[in-house]
Amino acid sequence: MQPKLELRNVSLAFGALKVTNDVSLSLAAGARTALIGPNGAGKTTLINLISGVLRPSSGSIRIDGRDVVRFNQDRRVKEGIGRTFQINRLFRDLSVEENLRIAVIQQQGRAHQLIGRRAVDDGIQEAVIRILAQLGIADRAGTRVRHLAYGEQRLLEIAMALALQPKVLLLDEPAAGVPKGESEIIIGTIERLPKDLAVLLIEHDMDLVFRFASDIHVLASGALIASGPASEIARNERVREVYFGRGKHGQ
Ligand SMILES: Nc1ncnc2c1ncn2[C@@H]1O[C@H](COP(=O)(O)OP(=O)(O)OP(=O)(O)O)[C@@H](O)[C@H]1O
Ligand SMILES: [Mg+2]
21 MQPKLELRNV
31 SLAFGALKVT
41 NDVSLSLAAG
51 ARTALIGPNG
61 AGKTTLINLI
71 SGVLRPSSGS
81 IRIDGRDVVR
91 FNQDRRVKEG
101 IGRTFQINRL
111 FRDLSVEENL
121 RIAVIQQQGR
131 AHQLIGRRAV
141 DDGIQEAVIR
151 ILAQLGIADR
161 AGTRVRHLAY
171 GEQRLLEIAM
181 ALALQPKVLL
191 LDEPAAGVPK
201 GESEIIIGTI
211 ERLPKDLAVL
221 LIEHDMDLVF
231 RFASDIHVLA
241 SGALIASGPA
251 SEIARNERVR
261 EVYFGRGKHG
271 Q
């Protein structure tokens, strides 16, 4: 079966620094894949390359077989790439529902129907309600983002990405900074994502990585040093040396 996402020999250099070095990987429909590696390994850069924030100096990026390397971010969203951001990008003075409505309108290519005017299309409201229910945050619909707990804000970021109806979802440390007590709602949500969605998760918490991922790619200094089933990666000597050696999986 054709992969949903396929990177072939993707490279990017900032001056002399090779932040992405000949990376090839693919995700099938329904993939639960983690991208791990030390700080500065180039994980966020890779997501920026896939989503179109950055352009590679060489290599191809395909969605459903179509090369999207020349497409800008909006066009890649339309092709099926959804992402969350490591840094919070929500509208803090708007409600949960209003934030979601913006994402749905963006997905439907009707950016002119923005907040302040009544959204006439019932379809928009339906989509918003469906996503709120899917993420279990319907009771927070009218709450302004600034009044949400941090974990709930991160959950809304995932909801915003889902509103774009992606084929491939890129999650950049979705539980980062979330207090332990709240992180379970994020983990639960990630575990309940639509089955056919291909998911690439960047995460430093190895408990979460091994709970979530069936496949893992390990990045170090811009290059993949290992790729494979989670059980193999856990036993991989080089990975243990470069990465796990400093964590609790490293004894
Ligand atoms: N715009 C830029 N210009 C120059 N160097 C950059 C730029 N963006 C990132 N870098 C460098 O690229 C490398 C990879 O950074 P990146 O943020 O992708 O790492 P990361 O694996 O996501 O790290 P972390 O786990 O800390 O989030 C780092 O050395 C960083 O300093
Ligand atoms: Mg990062």
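First residue of the sequence shown: 21, per the numbering used here; consecutive thereafter.
Backbone N, C-alpha and C define an ideal beta-carbon position, used for all residues, glycine too.
Residue i beta carbon near ligand 3 (any heavy atom closer than 7 angstroms)
| i | result |
| --- | --- |
| Asn-59 | The model depicted lacks ligand 3 and carries ligand 1 and ligand 2 instead. |
Alpha carbon of residue i to alpha carbon of residue j, nearest angstrom
| i | j | result |
| --- | --- | --- |
| Val-198 | Gln-173 | 10 angstroms |
| Lys-38 | Asn-29 | 13 angstroms |
| Gln-145 | Gly-72 | 29 angstroms |
| Ala-139 | Leu-66 | Because Ala-139 sits at a pLDDT of 46, beneath the cut-off of 50, its placement in the model cannot be relied upon, and the point is left open. |
| Ala-169 | Ser-44 | 38 angstroms |
| Ala-158 | Gly-62 | 36 angstroms |
| His-224 | Ile-210 | 15 angstroms |
| Ala-153 | Ile-207 | 16 angstroms |
| Val-165 | Glu-177 | 11 angstroms |
| Leu-257 | Pro-23 | Note on identity: in this sequence residue 257 is Glu, with Leu being the wrong assignment. Rounded to whole angstroms, Glu-257 to Pro-23 spans 29 angstroms at the Cα level. |
| Gly-143 | Tyr-263 | 46 angstroms |
| Ser-241 | Phe-91 | 26 angstroms |
| Ser-115 | Arg-150 | 16 angstroms |
| Asp-216 | Glu-261 | 34 angstroms |
| Met-21 | Val-89 | 22 angstroms |
| His-167 | Arg-160 | 10 angstroms |
CB contact flag (residue i, residue j, <8 angstroms)
| i | j | result |
| --- | --- | --- |
| Leu-175 | Val-219 | no |
| Val-124 | Val-148 | yes |
| Pro-214 | Ser-234 | no |
| Val-229 | Ile-245 | no |
| Ser-77 | Ala-33 | yes |
| Gln-127 | Leu-184 | yes |
| Phe-232 | Ala-54 | yes |
| Ala-179 | Leu-110 | no |
| Arg-82 | Glu-26 | yes |
| His-237 | Ser-251 | no |
| Arg-103 | Ala-51 | no |
| Leu-239 | Gly-57 | yes |
| Gly-100 | Pro-186 | yes |
| Thr-40 | Ser-31 | yes |
| Glu-202 | Gly-162 | no |
| Ala-243 | Asp-42 | yes |
| Ile-222 | Glu-204 | no |
beta-carbon residue i near ligand 1 non-hydrogen atom, thresh 7 angstroms
| i | result |
| --- | --- |
| Gly-197 | no |
| Val-39 | yes |
| Arg-230 | The question names Arg, yet the displayed sequence has Phe at residue 230. Phe-230 Cβ: outside cutoff for every heavy atom of ligand 1. |
| Phe-34 | yes |
Closer than 7 angstroms: residue i CB and nearest ligand 2 heavy atom
| i | result |
| --- | --- |
| Asp-192 | yes |
| Thr-64 | yes |
Residue-level contact to chain B via CB, residue i, 8 angstroms cutoff
| i | result |
| --- | --- |
| Leu-74 | No chain B is present in this structure, which holds just one protein chain. |
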